[in-house]
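Undergrad:
See below:
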């Protein structure tokens with residue numbers, strides 16, 4: 109028998125964000141490397157050129173219009189000066205909403221973005237997923253150690269139906285609402301088979 113519609117709707121609404129969160133937080137297994145002595149080559153060095161429209165200061169393809177709208181809408185709702193333009197003085201603060209893993213603001217931001225992204229084309233979501241880890245690595249390697257920008261935020265209280273996100277006993281911050289009992293039973297049965 110199918111699960112109740114509200115449970116299915118919650119599962120669908122969170123799926124893309126949960127998948128992106130999983131890919132960003134799963135342990136990285138580095139395969140062993142066999143070292144080989146360097147070889148000399150007479151081939152000329154290759155140069156890497158960026159695609160048109162890609163800023164060398166943030167060398168990633170732009171998100172598709174639907175995903176970009178989700179990110180900017182969620183960003184500006186939490187931080188009015190939100191900007192992913194590397195020339196903006198708010199660039200690093202804005203990226204922190206996506207990449208400061210474990211923070212409450214990142215959990216809220218990623219939930220809002222993921223809830224919106226479920227309506228976006230699969231190709232746009234795949235580009236976002238494919239670039240997430242490289243962007244996270246870039247952020248961690250390049251973010252300033254101090255922030256000199258002072259911001260003010262307004263707090264909006266909203267009432268949502270259903271359970272609130274929980275932190276599992278594993279100790280990591282899982283910023284999503286738990287699945288309902290029917291959906292959980294189905295996913296657990298499939299996962300254990």
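Residue numbers (this note's numbering): 109 to 301.
Using N, Cα and C, we set each Cβ at its ideal position, and we do this for glycine too.
1) Nearest-angstrom Cα distance between residue 194 and residue 287?
2) Suppose only complete runs of 4+ residues qualify. What are the alpha helix (DSSP H) ranges in the region 204 to 262, listed by chain order?
3) If you compare alpha carbons, which of 226, 177 and 243 is closest to residue 209?
4) Check residue 319 in the structure and name its three-state DSSP category.
5) By the 10 Å Cβ neighbour count, where 16 or more other Cβ atoms means buried, how is residue 293 classified, buried or exposed?
6) For residue 132 and residue 235, what's the separation of their Cα atoms in angstroms?
7) Pull up the distance between the alpha-carbon of residue 172 and that of residue 295, whole angstroms please.
8) Between residue 212 and residue 110, what straight-line distance do the alpha-carbon atoms span, to the nearest angstrom?
9) Would you report the Cα separation of residue 283 and residue 124, rounded to the nearest angstrom?
10) Identify which residue in 164, 129 and 116 has its Cα closest to the Cα of residue 246.
TA: A quick look at the data gives this:
1) Taking the CA atoms as reference points, residue 194 sits about 37 Å from residue 287.
2) If we require 4 residues or more, the alpha helix (DSSP H) runs fully inside the region 204 to 262 come out as 212 to 225 and 230 to 250.
3) Minimum Cα distance to residue 209 is reached at 243.
4) Residue 319 cannot be examined here, being either before or after the span of the chain that is shown, 109 to 301.
5) Classification of residue 293: exposed, given that the 10 Å Cβ count is below 16.
6) About 14 Å.
7) In a straight line, the C-alpha of residue 172 is about 30 Å away from that of residue 295.
8) Roughly 34 Å between the two C-alpha positions.
9) Residue 283 and residue 124: Cα-Cα distance of roughly 13 Å.
10) Of 164, 129 and 116, the residue nearest in Cα terms is 164.
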